[in-house]
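Visitor: There's a structure below that I have some questions on.
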Amino acid sequence: MTRDVQHLLRRLDVPRFRYRDFHVSKRERPAPHRALTLAVTAVARGAGRTLIAANLADALGHKRLRVSVFSLDPESARPPPGRYAAVAFGAAPERRSIDVALLDLPLQSSAAPLADADEVVVVVRPGENIEVLEAALARLRPGWRRAPARYLVNQFDAVVAAHREELRSLRGRLGSRLLEPPVHFERGAEGLFPRESQAAADIAAIARTLLPELADAD
Amino acid sequence: MRTELLALLGALGVALYAMTPLDLQTQFLLAAATLATALLIARNKGRLATLTLVAISIAVTARYYFWRISTTLSADWSVDAVLGGILLGAELYSGAMLLLAYWQSIAPLDRKPVALPRELDSWPAVDVFIPTYNEPLSVVRATVLAATAMDWPQDRLRVHLLDDGRREVFRDFAKEAGVNYIVRTNNAHAKAGNLNHALQVTDAPYVAIFDCDHVPVRSFLQVTLGWLLRDEKLALVQTPHHFYSADPFSRNLRTLPKVPSESELFYGVIQPGLDTWNATFFCGSCAVLRREALEEVGGIAVETVTEDAHTALKMHRRGWRTAYLDIPQAAGLSTETLAAHVGQRIRWARGMAQIFRVDNPLFGRGLKLSQRACYLGAMLHFFSGIPRLIFLIAPVAYLVFGRHVFNALPLAAVAYGLPHLIHSTACNARIHGRFRHSFWSEVYETCLAFYIALPTTVALFAPKAGTFNVTAKGGRVDAPYFDARIASPYLALAAINLAAVGAGILRLWTGRGDLDSLAINVLWAVHNLVILAGTLAAACEQPQLRGTERVAARLPGMLRLADGRTIRCRTVNLGRDGAALRLMASAHTIERERVWLSLFSHVDEEPLPAEVSGQSDGALRIRFAQLSLSQERALVQALFSRADAWLSWTDGHLRDRPLRTLGSIASLGAKGLWKAMRLPSRPAPPRLAPARSTP
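Chains as they are written, first to last, in the numbering used here: chain A, 1 to 218; chain B, 1 to 695.
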C-alpha cells in the first residue's frame with residue numbers, strides 16, 4: 001500500500017476499513033528475509049554486476065554494517081573504494097568478523113557459491129532476454145539451499161519507452177521476484193553513485209528490501 | 001422521553017429568563033451575571049458545555065427580543081414607527097437565522113466511512129458523470145483522466161463525459177481517453193437536463209457526479225460507496241467541495257492560510273450538522289447517488305436553478321436518507337473573480353428562493369420537523385440581502401435625519417442589546433470558529449446583499465420569472481485592478497455611513513442629540529464601515545492565471561538532466577503547467593535546459609519532459625513541455641489522484657478571537673482601500689460567458 005493511502009487510512013481512523021489498492025497490487029513487496037550471504041551475479045558483461053555489488057556494500061556499510069565484497073571472477077574489475085572491505089580474486093580474506101558477505105560472480109562460474117548464498121541477485125539490463133536467464137537458473141537451482149534468485153534491473157531509463165514497457169512485463173512475469181525499484185541509469189557512473197543521484201536512492205531502497213532488519217539497525 | 005422533558009424544562013427556563021421584567025439597574029446586573037456564568041462554562045470544552053452556552057445565548061437573545069417588542073414599539077403610523085418596524089423586521093430575520101444556524105450546527109455528525117465487502121465480485125458498477133457545457137478542454141481533461149484512475153474494478157467503472165457544448169475536440173479527447181461521450185439534441189434544463197439525459201442512456205445502480213473541474217482522488221469510490229451498500233434507504237453520499245485555488249476573498253485579501261476560506265463553514269460544520277438531522281443535501285458535485293432513488297423522484301429536479309438541493313429535498317420527502325462524509329476526496333477550482341462569485345451566488349439565492357416558493361419545506365408531506373428546520377435555514381439564509389442592507393443604512397436615520405427608530409433609552413438598548421450581541425458572537429465563534437472567523441460572515445453577506453436582494457424577492461413572487469444571471473463570469477485577471485463596477489453599491493453604502501459619522505460629529509459639535517444615542521449610532525456606522533472596507537478590499541482583484549494554479553505538494557521525484565545525470569528532488573509545488581523543486585544537490589543547470597521530471601507516486605514512473613525556467617528561493621522552477629496523453633495522465637494522477645491529496649487543507653488556520661478578527665478585517669480593509677485608490681478601476685473585461693439556456 002503506497003503512502004497516500006496509508007495516510008488516508010490513518011486520518012480516517014476506522015479500524016475495520018479495508019482498502020484495495022489497484023495501483024500496487026501487482027508488485028507486492030516480498031516478505032522480509034534475513035540474508036547474510038548475498039550473491040550478486042549476471043550473465044551479460046556490462047550489466048553492472050560489480051558496480052551494483054560495490055554500491056550495495058557501500059549502502060550497507062553506511063548503516064554501520066561490516067561488509068566484505070568477494071570477487072569470485074578473475075576477469076572482474078576491481079570494485080571502487082567504499083565503506084566495505086574488498087577481497088580480490090584468489091586473495092585470502094582478512095581475519096575479521098563480518099555482518100554481510102557480498103559475492104560478486106558471473107552466473108556461468110562454479111555453482112557452489114550460489115548454492116550456499118542466502119540470496120541471489122541477478123543483475124539485468126532492460127531488454128535482456130529473461131528466458132535465457134530463467135533456463136540457466138533452472139539448471140542451477142536443484143542444488144540450492146535457499147529461495148530462488150531475484151532480479152534487479154540496472155541502468156533503467158524511464159525516458160526510453162521500451163524500458164518502461166520492459167519493466168511492466170518483468171513485473172507481470174516475476175512478481176515479487178523482481179526487486180524494486182529499478183536502479184536508474186546514471187551517466188558516467190563508474191564508481192559509487194553520487195549521493196544525490198536517483199541510483200543511490202534506488203540502491204538504498206533495495207538494501208532495505210534485501211536486509212530489512214539489518215538495514216534499519218542504525 | 002428524557003430528552004423531551006429536558007427540552008421542555010429548557011424552554012420554560014428560557015421563557016422565564018426572557019420575560020421577567022426588571023428595572024434598568026437590575027438588568028445590567030443580570031447581564032453581567034449571565035456573562036460571568038457563560039465565561040465560567042466556556043472554560044469547559046465539552047459538547048454539554050457548548051449546548052449550555054447555546055441555551056444561554058438563546059435565552060439572552062429571547063430576552064432582548066421580548067424587551068424589544070414589548071417596550072420599544074410605538075403603535076402609531078409616524079415615520080419613526082414605520083422605520084422602527086422595518087428595523088425590527090430585519091432584526092427578527094437575523095434572530096430567526098441565529099436560531100436556525102444553532103439548530104443546523106449544534107451537533108455535527110462525525111460520520112466515518114464503511115468498508116466495502118471483501119469479495120471484489122460484489123462491488124457494484126458505477127456510472128461517473130462529468131457534465132460540461134462551455135468550459136475549456138484543458139480543465140475537463142484532468143477530471144476525466146483522474147476519474148478513470150479511481151481505484152475500482154475497471155469493468156465496473158464507467159466514465160461518461162456529458163458534453164452539452166457538442167464539441168468535436170471533446171469527442172476526440174473522450175475517445176482517446178477511453179471514456180464514453182454523451183451528447184443530446186438540445187440543452188433543455190441545462191445541467192439538470194444534461195444529467196437526466198445521461199441517466200436514460202446508462203444503467204449502473206450508482207451514479208457519481210463531478211462538475212467538470214472537480215477532480216476526484218483515486219480513493220473516492222471506496223470511501224463513499226460503503227454507506228450506500230450498507231444502508232438500502234440511503235439515496236446519496238455527499239463529500240466536501242474542496243478548492244485548490246484560492247477563492248476571490250482569500251486571494252484578493254491574502255488571508256490564506258490564517259483565515260478559513262468561504263466554503264469551509266458549510267462543508268466543515270453545516271453539512272455535518274445537517275447530517276445529524278438526516279438533512280444533508282446534494283451539492284451538485286463530488287457525490288454518489290443511488291439510481292433507484294433518483295428515478296423515484298423523476299431524476300434531477302428541473303423546476304429550479306438549484307437542482308441539487310431540490311433533488312435532495314424531494315428524496316427526503318419520500319423517505320430516503322442522505323449522508324455526508326467530511327473527507328475531501330475531490331478538488332476543484334474556485335470562482336476566479338469576485339464578480340464571478342457574486343454571479344454564482346445570485347444563482348444559488350434565486351434557486352433557493354424558488355424552492356422556498358414552489359416546494360416549501362415547511363409544508364407538504366414526508367419531512368420531519370427537524371428536517372424542515374434545516375431546509376428552512378438553508379433557504380432563508382439567502383434572503384439576507386434586504387435585512388443586511390437595512391442594517392447597513394439604519395444609523396443614518398438618527399445621525400442624519402434625527403429619527404428615533406428605536407423607541408427606548410440608549411442605555412436600555414445597551415443593557416438588552418449588547419448581551420445579545422456578545423453571547424451570539426461568542427457562541428458562534430465557539431461552534432464555527434475553526435471554519436469561519438467572526439464577522440467574516442458579515443463581509444461575505446455584505447458582498448452579496450445588494451445583488452441577491454432583488455432576485456430572491458422576485459423569485460418569491462414569480463418563481464418562474466426569467467434569468468437574473470446578469471453578472472457575467474469574469475474573464476481572467478491579468479493585472480491587478482479594482483472592480484469598481486461590482487463594488488459600486490458598497491462604495492455608495494460606505495459613503496452613506498461616512499456621511500452618517502460626519503453628521504453625528506456635527507450633531508455632537510452643535511449639541512443637537514444626546515450623547516448616548518450618538519455614541520451608539522456612530523459605533524454602529526463605524527462597524528458598518530469596517531465591514532464595507534473589507535468588502536471593498538475584496539474587490540481589488542489580484543492576478544491569477546487560469547491553468548497556473550499550483551498545489552503545495554511535497555512529492556519525491558527525480559530530475560533527469562540532459563547529460564544523463566540524475567538528481568533526486570522533492571516538489572515544493574506542482575501544477576498542470578510546471579513545478580518548483582528542491583534538489584538534493586545544487587544543479588549547475590543551464591537556463592532553458594531540457595530535463596525530465598519523474599514523480600514517484602502510486603503510479604508507474606513516467607518522466608515528464610520539461611524546461612528549466614529559473615531558480616528562486618533555493619528551488620528550481622521548471623515548466624512542462626507538451627505532454628503526451630500518458631504523460632498527462634501520470635501528472636494528473638500524481639497531482640490530483642493521491643488519496644491523501646487534500647487531507648491537510650485546514651491546517652494553518654489561526655484560532656478565532658472575535659476582537660482580533662474584527663481588528664484584522666479593519667486593517668485589511670484599510671489596506672484594501674489604499675490599494676483601491678491607486679489601482680485602475682477598469683471593470684472585468686467584457687468577455688461575457690454565453691448565457692445558459694433556461695426554460
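Note that CB positions come from ideal geometry on N, CA and C, so glycine has one too.
Can you tell me where the beta strand (DSSP E) holding P556 of chain B begins and where it ends?
Guide: P556 to R560
Visitor: Would you kindly report the start and end of the unbroken beta strand (DSSP E) that includes H160 of chain B?
Guide: L157 to D163
Visitor: Kindly indicate if chain B contains any beta-carbon less than 8 Å away from that of E166 of chain A.
Guide: no
Visitor: So does L192 of chain A have its beta carbon nearer than 7 Å to some heavy atom of the ligand ADP?
Guide: Summarising the ligand content, the structure contains no ligands, and the ligand ADP is consequently not present.
Visitor: Count the other C-beta atoms from every protein chain shown that fall within 10 angstroms of the C-beta of F401 of chain B, then say buried if there are 16 or more, exposed otherwise.
Guide: exposed
Visitor: On the CB-based measure, 16 or more other CB atoms within 10 Å of its CB, does I327 of chain B come out buried or exposed?
Guide: Burial call: buried.
Visitor: Taking the CB atoms as reference points, tell me whether A149 of chain B and R218 of chain B lie closer together than 8 Å.
Guide: Yes, the Cβ-Cβ distance between A149 of chain B and R218 of chain B is below 8 Å.
Visitor: Kindly list, in the order they appear in chain B, the residues whose Cβ is closer than 9 Å to that of H62 of chain A.
Guide: The contact set of H62 of chain A on chain B, defined by CB atoms closer than 9 Å, is empty, because the minimum CB distance reaches about 16 Å.
Visitor: Using the beta-carbon of each residue, which ones in chain A are nearer than 8 Å to L498 of chain B?
Guide: None at all; the shortest Cβ gap to chain A is about 49 Å.
Visitor: For P749 of chain B, would you say it is in contact with chain A, using Cβ-to-Cβ distances shorter than 8 Å as the test?
Guide: Given a span of 1 to 695 for chain B in the structure shown, any question on residue 749 of chain B remains unanswerable.
Visitor: With 16 as the cutoff for other CB atoms within 10 Å, does V169 of chain B come out buried or exposed?
Guide: exposed
Visitor: Within the 8 Å Cβ cut-off, does H602 of chain B reach chain A?
Guide: Output row for H602 of chain B: interface = yes.
Visitor: Between the C-alpha atoms of F253 of chain B and M677 of chain B, what's the straight-line distance to the nearest angstrom?
Guide: For clarity, residue 253 of chain B is Leu in the given sequence; the question names Phe instead. Rounded to whole angstroms, L253 of chain B to M677 of chain B spans 15 Å at the Cα level.
Visitor: Of all the alpha helix (DSSP H) runs that stay within the bounds of the stretch 54 to 112 of chain B, which reach a length of 4 or more residues?
Guide: Taken in chain order, the unbroken stretches of alpha helix (DSSP H) that lie wholly in the stretch 54 to 112 of chain B and span 4 residues or more are 79 to 105.
Visitor: Got a sec: is the Cβ-Cβ distance from P108 of chain B to anything in chain A below 8 Å?
Guide: no
Visitor: For V144 of chain B, which of B:K175, B:T535 and B:D121 has the nearest alpha-carbon?
Guide: B:K175
Visitor: Counting only runs of 4+ residues fully inside the stretch 468 to 538 of chain B, write out the alpha helix (DSSP H) ranges in chain order.
Guide: 484 to 510 and 515 to 538
Visitor: Go through its chain and collect everything with a Cβ distance to H189 of chain B's Cβ below 6 Å, but skip five positions before and after it.
Guide: V302
Visitor: Identify the contact partners of I567 of chain B in chain A, using a Cβ-Cβ distance below 8 Å as the criterion.
Guide: E196, S197 and Q198
Visitor: Quick test of the definition: if touching needs 3 or more C-beta pairs under 8 Å, does the stretch 254 to 270 of chain B touch the stretch 302 to 320 of chain B?
Guide: no
Visitor: Within this structure, are the beta carbons of I98 of chain A and S76 of chain A separated by less than 8 Å?
Guide: For I98 of chain A and S76 of chain A, no; Cβs fall outside 8 Å.
Visitor: Under 8 Å between the Cβ atoms of V100 of chain A and V40 of chain A?
Guide: no
Visitor: Against chain A, does P607 of chain B count as a neighbour if the rule is that its beta carbon must be under 8 Å from one of theirs?
Guide: Yes, P607 of chain B lies at the interface with chain A (some Cβ there is under 8 Å from its Cβ).
Visitor: Alpha carbon to alpha carbon, how far is G46 of chain B from D656 of chain B? Give it in angstroms, no decimals.
Guide: 18 Å
Visitor: Just checking: is the beta-carbon of A91 of chain A within a distance shorter than 8 Å of some beta-carbon in chain B?
Guide: no
Visitor: What residues are listed by DSSP as bridge partners for V551 of chain B?
Guide: B:L574
Visitor: The beta strand (DSSP E) with V160 of chain A in it runs from where to where?
Guide: No beta strand (DSSP E) contains V160 of chain A, which DSSP labels as neither H nor E.
Visitor: In this structure, how does DSSP classify R594 of chain B when only helix, strand and coil are distinguished?
Guide: The answer is strand: DSSP assigns R594 of chain B an E or B state.
Visitor: Put P419 of chain B into one of helix, strand or coil per three-state DSSP.
Guide: The three-state secondary structure of P419 of chain B, taken from DSSP, is helix.
Visitor: Would you check if the distance between the CB atom of A207 of chain A and the CB atom of L56 of chain A is smaller than 8 Å?
Guide: yes
Visitor: Could you tell me which residues DSSP pairs with H404 of chain B in its beta bridges?
Guide: Looking at the DSSP assignment, H404 of chain B forms no beta bridge with any residue, so it has no partner.
Visitor: With a threshold of 16 other CB atoms inside 10 Å of the CB of A465 of chain B, please say whether the residue is buried or exposed.
Guide: exposed
Visitor: Please classify V259 of chain B: does DSSP put it in a helix, a strand, or coil?
Guide: coil
Visitor: By the three-class DSSP mapping on this structure, what secondary structure does A619 of chain B have?
Guide: strand
Visitor: If distances are taken between C-alpha atoms only, which option among B:V405, B:L338 and B:Q371 comes closest to P543 of chain B?
Guide: B:L338
Visitor: Taking the straight line between their C-alpha atoms, what separation do you get for C447 of chain B and A177 of chain B?
Guide: Distance between the alpha carbons of C447 of chain B and A177 of chain B is about 41 Å.
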